[in-house]
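Peer 1: Pasting a structure here, questions to come.
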Amino acid sequence: MAATLPRVFLVSSRHHGSRTVHIQPTLVRQRFFSESAKETAPKKTPDPSGNGGGNNNMMWHVATAAVFGLSFIGVRYGLKNMNLDKEDDAIAAATKPEPQAEVTSKVYFDVSIDKQPAGRVVIGLYGGVVPKTAKNFETLCKGTEKKGNIDLTYSKTTFHRIIPGFMIQGGDFTQHDGTGGLSIYGNKFEDENFQLKHTAPFILSMANAGPHTNGSQFFITTKKTPWLDGKHVVFGCVLDGFDVVNLIELNGSSSGRPKRRVVITKAGILEAEAGNNTKDDNAKEEKAKQ
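Be aware that the sequence shown starts at 1, since it is given in UniProt numbering, and climbs by one per residue.
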């Protein structure tokens, strides 16, 4: 049964996208098992098998060869272990998304897992293509606005839904379980446009409960998810902290329920970027005077 779990969560992710689900958990499970998984389901790994038995001579030779083979692999692994960090860096670089549009502003999440600091995720926003959506997210990262007695902020919120091989979802600062959230424009706002696509891992997109139901919930993909195009508004991408996103993903499950409590301890805007631009402008002016 355990071997079929990847098929289940990939099917559910394709059908439901990253929408907030307001139905009974039992109904969710029924729909998970009722969908087809022709394109997204991975190939099933055959179960290990063995016949048992006593001191079979052929089996002894096979076992001996296996031991020597594993020993040889272990030696080679030890010799190459010093290069693993470089290889990991190369893999991470290969999966970084190319920005689909000009990055107009940068925000960040400082993340903890079970109260232990996990690192910072830096996100670039595409304010030129989707200005309304980007402004909503940027304002919620800044966290200076209120609606009644509710602070409109991502700080102190959780990643409440994490599905390995699909996405990590957060942004519900009212109910903290995926059923709430508010935008700076009111409860919900419309889908701005679908010009940008879910072309790679580390894409930032709006979660919703159907057309024109954007609030504060968002998700970051951990794989290419083209079936979400035209349904969810892409408005940014991860620029730094890819390892933190991967670490968050490791604490998910096929049902989406996190194994550990993943919290955005602090969200904010990277003001230093503007300072660097000013410094560059001053340098250009001084050079022009010479």
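Virtual Cβ for every residue (Gly too), placed ideally from N, Cα, C.
Every value quoted in this text rests on a predicted model; they were computed, and no experiment measured them.
Can you tell me which of the three DSSP states E138 falls into?
Peer 2: In the structure shown, E138 sits in a helix (DSSP, three-state: H, G or I).
Peer 1: Within a Cβ cutoff of 8 Å, which residues of the same chain sit near K147, ignoring the five residues on either side of it in sequence?
Peer 2: L182, listed in sequence order.
Peer 1: Just list the residues that DSSP pairs I248 with in beta bridges.
Peer 2: According to DSSP, I248 bridges with nothing at all.
Peer 1: Could you check the C-alpha separation between G256 and E249 for me, to the nearest Å?
Peer 2: Roughly 10 Å separates the two Cα atoms.
Peer 1: For the stretch 107–116 and the stretch 257–270, state whether three or more C-beta atom pairs, one from each stretch, are separated by less than 8 Å.
Peer 2: Touching, yes, given that three or more Cβ pairs across the two stretches are closer than 8 Å.
Peer 1: Just tell me which of P258, L239, F218 and G252 has its CA closest to the CA of L270.
Peer 2: Among P258, L239, F218 and G252, the Cα nearest to that of L270 is on L239.
Peer 1: Tell me, which residues are paired with A267 by DSSP?
Peer 2: According to DSSP, which records beta bridges pairwise, A267 is partnered with F109.
Peer 1: State yes or no: is the C-beta of T222 within less than 7 Å of the C-beta of I203?
Peer 2: Cβ distance not < 7 Å, so T222 and I203 don't count as in contact.
Peer 1: Since V245 and R120 should fall inside the 8 Å C-beta cutoff, what is the C-beta to C-beta distance between them, to a whole number of angstroms?
Peer 2: With 8 Å as the limit, V245 and R120 do not qualify as a contact, their Cβ atoms being about 11 Å apart.
Peer 1: If you compare alpha carbons, which of V103, I113, N136 and K132 is closest to V122?
Peer 2: The option with the nearest alpha carbon to V122 is V103.
Peer 1: Give me the residue from V129, G230 and L196 with the minimum Cα distance to N208.
Peer 2: Residue G230 is the option with its Cα nearest to N208.
Peer 1: Are the stretch 152–160 and the stretch 169–189 touching, with three or more C-beta to C-beta distances below 8 Å?
Peer 2: The stretch 152–160 is in contact with the stretch 169–189.
Peer 1: Do you know whose CA, among Q195, L247, G124 and T179, lies nearest G215's CA?
Peer 2: Closest by alpha carbon: T179.
Peer 1: On the DSSP letters alone, give me the boundaries of the beta strand (DSSP E) that T221 sits inside.
Peer 2: Residues F218 to T221.
Peer 1: Counting only the same chain and skipping the five closest in sequence on each side, list residues whose C-beta sits under 6 Å from that of A200.
Peer 2: Contacts found: P97 and K224.
Peer 1: Excluding the 5 residues flanking I150 on each side, which residues of the same chain have their C-beta closer than 8 Å to its C-beta?
Peer 2: These residues qualify, in order along the chain: F173, T174 and L182.
Peer 1: If Y126 and F235 are in contact, beta carbons under 8 Å, what's the gap, nearest whole angstrom?
Peer 2: Right, their Cβ atoms sit about 6 Å apart.
Peer 1: Any beta carbon from chain D within less than 7 Å of V130's own beta carbon?
Peer 2: This model lacks chain D altogether, as it is built from one protein chain only.
Peer 1: To which residues of the same chain is S112 closer than 7 Å at the C-beta, ignoring the five residues directly before and after it?
Peer 2: Excluding sequence neighbours, S112 sits near A118, V263 and T265.
Peer 1: Would you mind listing the beta strand (DSSP E) stretches within the stretch 190–246 that are 3+ residues and don't spill past its ends, in chain order?
Peer 2: Listed in chain order, the complete beta strand (DSSP E) runs (minimum 3 residues) inside the stretch 190–246 are 203–206, 218–221 and 234–240.
Peer 1: Which of the three DSSP states is assigned to T158 in this structure?
Peer 2: Correct three-state label for T158: strand.
Peer 1: Using 10 angstroms around the beta-carbon of V193, count the other beta-carbons present and answer buried if the total reaches 16, otherwise exposed.
Peer 2: According to the sequence provided, residue 193 is Asn. The question's Val does not apply to it. Exposed, by the Cβ-count rule.
Peer 1: Around the Cβ of N56, are there at least 16 other Cβ atoms within 10 angstroms (buried) or fewer (exposed)?
Peer 2: Any reading at N56 must be qualified, since the residue scores a pLDDT of 42, below 50, and its modelled position is unreliable; no value is offered.
Peer 1: Tell me the residue span of the beta strand (DSSP E) that contains K147.
Peer 2: E145 to K147 is the extent of the beta strand (DSSP E) around K147.
Peer 1: Report the rounded CA-to-CA distance for F166 versus K135, giving the unit in angstroms.
Peer 2: Distance between the alpha carbons of F166 and K135 is about 26 Å.
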